[in-house]
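Add 138 to the 1-based position in the sequence shown for this note's numbering, that's all there is to it.
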Amino acid sequence: MSRRLIKGGFVVSVDPRLGNLDDADVLIEEGKISAVGRNLSAADAEIIDAAHMIVMPGFVDTHRHIWQGAMRAVTADWSLLNYLGGIRMSAAACYRPEDMYAAQYQGALEAINAGVTTITDYCHNLNTPDHAHEAIRGLRDAGLRAIWNYGFNRPPLGDPAFKTQQERLQFARTLAAQYFVQRDAILTMGVAPEEAALWIDDDAGKAQFALARELAARLFWHCNCLNHGGGRPFEVARLHALGLLDHDIVLSHMRYTTPEEWRLVAEHGVAVAFTPDTELQMGMGYPSTIIARRHGIAHGYGADIISNNSADMFTPLRMALQTARAELNAPRDGELYDGVPITCDEALRWGTLEGARVLGLDHRIGSLTPGKDADIILLNTDSITLVGWDRSNPAGTIIQQASIADVDTVMIKGNVLKRHGVLLADVKRACRLLADAAEHIAREVAAKGGFYVDPQRTFQLMQAVTSARHVDAFRADYQEIAPITT
């Protein structure tokens with residue numbers, strides 16, 4: 139149906155001009171929001187009853203490795219070094235193309251189920267052309283809005299399908315022409331270059347950035363995740379020195395970024411993305427929310443690696459808000475004071491309109507603004523967890539109280555993908571495919587000695603995909619740090 143009318147909900151528009159409206163309606167025509175207000179009517183429109191519902195924009199995830207859902211919670215007790223060895227250098231090579239499809243399809247449905255209507259997909263496991271085709275097919279079949287990032291990272295493979303970087307560059311052009319010609323489609327293309335700490339040389343990195351700009355694709359890059367022990371570069375400064383720093387880049391993590399580098403990020407209009415779950419666990423420090431806010435830098439949040447974290451946005455937004463509050467409150471700890479330094483309203487913007495701004499999509503999504511695409515979710519406030527909610531502060535309920543269980547309805551560009559708490563997809567098929575993929579990967583990994591890879595073996599595996607000086611830098615830094623004991 140080309141017209142839908144959401145009736146009688148509590149509208150949280152995240153549009154400063156519209157604000158919040160109780161007992162209000164949202165009219166959707168041809169996949170776009172055409173009106174928001176009270177007592178709307180539309181002939182022949184499908185009515186969606188939103189009584190006892192919060193009506194809000196879908197969540198926008200600015201950093202997610204969706205393909206890792208077939209290794210769910212494998213990394214739950216790991217550090218970043220363990221992750222690099224166990225996942226990036228080992229288990230990733232065990233994926234077949236059909237495993238990529240299963241993980242992407244199930245993972246996209248999982249995101250939709252959680253009220254996440256847009257993700258930035260770091261697809262860093264394109265071991266063969268078929269891996270890429272199947273990864274894209276999984277997202278398309280699910281109907282999720284996504285920026286699918288052509289990832290240049292690669293695990294060590296005995297007989298790689300791509301023998302040279304030039305082959306990988308050319309294949310990206312092939313995919314762009316085959317799948318990503320329509321710029322306003324819900325599935326678009328980005329590019330995720332290798333991290334500077336793994337570049338074979340600067341020319342290789344520059345070629346990956348140049349490819350993205352040739353394709354008019356946004357760039358997504360892990361940056362300054364670690365301190366600069368072992369001679370590792372200051373990565374923002376390096377991009378600037380190479381003439382690569384520009385407004386089409388989203389830099390992730392960023393905790394070990396110098397004040398001068400933050401100034402460069404702001405000056406060039408670069409956006410940033412944080413993933414609190416992973417950063418807090420794996421030694422990447424507290425999310426740099428406070429610094430980004432002070433510089434006026436667009437910043438978003440994401441679920442990151444599904445091998446570690448849950449697939450919703452309630453969790454990272456809550457963690458980001460509370461860690462930022464803790465940092466700002468620290469000088470007053472132990473004292474009585476009035477109010478908090480960051481509100482839930484701001485955190486809600488991070489996960490919606492601000493996230494869309496990070497992705498360059500705020501003209502299309504992120505708020506319930508007439509003219510934008512109808513990426514909308516409904517939260518059931520009659521649920522056992524939300525009943526009795528404070529209508530004067532809906533953002534507080536969304537950020538501090540809500541969960542996946544409260545997501546009643548999800549639509550993307552006006553298409554209803556979840557209704558009455560149930561996904562409108564073949565969930566049993568998605569789960570069966572992922573279970574089969576997970577079983578295959580676990581079996582292959584077990585034959586290699588298990589998911590855990592010790593540090594020295596990790597450094598050996600790295601030698602197949604990067605330069606000796608980079609491996610030496612990792613090894614030197616590891617030797618400087620004593621094992622953590624309790």
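All C-beta atoms in this analysis are idealised placements derived from N, C-alpha and C, irrespective of residue type, glycine included.
Under the three-state reduction of DSSP, which class applies to residue i: helix, strand or coil?
i, result
"ARG292", "coil"
"CYS569", "helix"
"TYR439", "strand"
"ARG176", "coil"
"PHE589", "coil"
"MET420", "coil"
"ALA512", "coil"
"ASN220", "helix"
"ASN251", "helix"
"PHE597", "helix"
"ARG502", "coil"
"GLY147", "strand"
"ARG557", "strand"
"ASN159", "First, the amino acid is wrong: residue 159 is Leu here, not Asn. DSSP places LEU159 in strand when its eight states are reduced to three."
"ASP528", "coil"
"ILE536", "helix"
"ASP415", "helix"
"VAL522", "The sequence as given places Ile at residue 522; Val does not occur at that position. DSSP places ILE522 in coil when its eight states are reduced to three."
"PRO298", "coil"
"ALA449", "coil"
"TYR233", "coil"
"GLY562", "First, the amino acid is wrong: residue 562 is Leu here, not Gly. In this structure, LEU562 counts as coil in the three-state DSSP scheme."
"GLY434", "coil"
"ALA602", "coil"
"LEU459", "helix"
"ILE444", "coil"
"GLY552", "coil"
"MET227", "coil"
"PRO154", "coil"
"PRO454", "helix"
"LEU277", "helix"
"THR507", "coil"
"PRO425", "coil"
At a threshold of 6 angstroms, does residue i count as lining the ligand NAP (C-beta to nearest heavy atom)?
i, result
"GLY472", "You won't find the ligand NAP in this model; it holds no ligand whatsoever."
What are the residues that DSSP puts in a beta bridge with residue i?
i, result
"THR258", "ILE285"
"ALA579", "A quick correction: the sequence has Ile, not Ala, at residue 579. Per DSSP, none; premise fails for ILE579."
"THR547", "LEU516"
"GLU679", "Absent from the model: residue 679. The displayed extent of the chain is 139 to 624, so no value can be given."
My guess is that residue i and residue j are in contact by the Cβ rule of under 8 angstroms, so how many angstroms apart are they, rounded?
i, j, result
"ILE285", "TYR317", "Not confirmed; about 12 angstroms, so no contact."
"PHE589", "PHE612", "Not really, about 20 angstroms apart at Cβ, beyond 8 angstroms."
"ARG356", "GLY498", "6 angstroms"
"SER390", "ALA411", "5 angstroms"
"ALA462", "THR416", "Not quite, the Cβ-Cβ distance comes to about 16 angstroms (not below 8 angstroms), so this is no contact."
"HIS203", "ASP442", "7 angstroms"
"ALA246", "ALA280", "3 angstroms"
"MET451", "PHE197", "4 angstroms"
"ASP182", "ARG142", "At roughly 11 angstroms, the Cβ-Cβ gap does not stay under 8 angstroms, so ASP182 and ARG142 are not in contact."
"VAL496", "VAL388", "6 angstroms"
"PHE347", "PRO331", "6 angstroms"
"HIS201", "GLY440", "3 angstroms"
"ILE250", "LYS556", "6 angstroms"
"PRO425", "ALA458", "5 angstroms"
Would a check of beta-carbon distances place residue i closer than 7 angstroms to chain E?
i, result
"GLY224", "Structure shown: chain E not included; a single protein chain is present."
Check: Three or more beta-carbon pairs under 8 angstroms between the segment 156-172 and the segment 218-234, yes or no?
Finding: No: fewer than three Cβ pairs fall under 8 angstroms.
Next item on the list: Within the segment 357-411, note down every full alpha helix (DSSP H) run reaching 4 residues or more, in order along the chain.
Entry: DSSP runs (the alpha helix (DSSP H)) wholly in the segment 357-411: 373-379 and 397-405.
Next item on the list: Check whether the segment 263-273 touches the segment 489-506, counting contact only when three or more Cβ pairs, one atom from each stretch, lie closer than 8 angstroms.
Entry: No, because fewer than three Cβ pairs between the segment 263-273 and the segment 489-506 fall closer than 8 angstroms, the two stretches do not touch.
Item checked: Sequence ranges, beta strand (DSSP E) only - wholly within the segment 303-361, length at least 3 -> Listed in chain order, they are 325-330 and 356-361.
Notebook entry, point to check: Are there three or more Cβ pairs, one per stretch, closer than 8 angstroms when the segment 463-479 is compared with the segment 170-181?
Noted result: When C-beta atoms of the segment 463-479 are compared with those of the segment 170-181, fewer than three pairs fall below 8 angstroms, so the two segments do not count as touching.
Check: At which residue ranges does the segment 178-217 contain complete beta strand (DSSP E) runs of 3 or more residues, listed in the order of the chain?
Finding: Within the segment 178-217, the runs of beta strand (DSSP E) at least 3 residues long that lie entirely inside it are, in chain order, 184-187, 191-195 and 197-203.
Notebook entry, point to check: Are the segment 198-208 and the segment 527-535 touching, with three or more C-beta to C-beta distances below 8 angstroms?
Noted result: The way I'd put it, the segment 198-208 doesn't touch the segment 527-535; fewer than three beta-carbon pairs between them come closer than 8 angstroms.
Check: On the three-pair Cβ rule with 8 angstroms, is the segment 514-522 touching the segment 143-152?
Finding: A contact exists between the segment 514-522 and the segment 143-152.
Notebook entry, point to check: Three or more C-beta pairs closer than 8 angstroms, one from the segment 430-438 and one from the segment 399-411: is that the case here?
Noted result: The answer is yes - the segment 399-411 touches the segment 430-438, with three or more Cβ pairs under 8 angstroms.
Notebook entry, point to check: Are at least three pairs of beta-carbons, each pair with one atom in the segment 236-248 and one in the segment 563-582, less than 8 angstroms apart?
Noted result: Touching, yes.
Next item on the list: Give a yes or no on contact between the segment 289-298 and the segment 558-567, applying the rule of three or more CB pairs nearer than 8 angstroms.
Entry: The answer is no - the segment 558-567 does not touch the segment 289-298, with fewer than three Cβ pairs under 8 angstroms.
Note to self: Quick check: the segment 330-349 against the segment 372-387, are at least 3 beta-carbon pairs closer than 8 angstroms?
What the structure shows: Verdict: yes, contact present.
Next item on the list: Output the residue ranges of the alpha helix (DSSP H) runs that lie fully inside the segment 462-502 and measure 4 residues or longer, sorted by chain position.
Entry: The alpha helix (DSSP H) runs lying completely inside the segment 462-502 and spanning 4 residues or more are 482-488 and 491-496, given in chain order.
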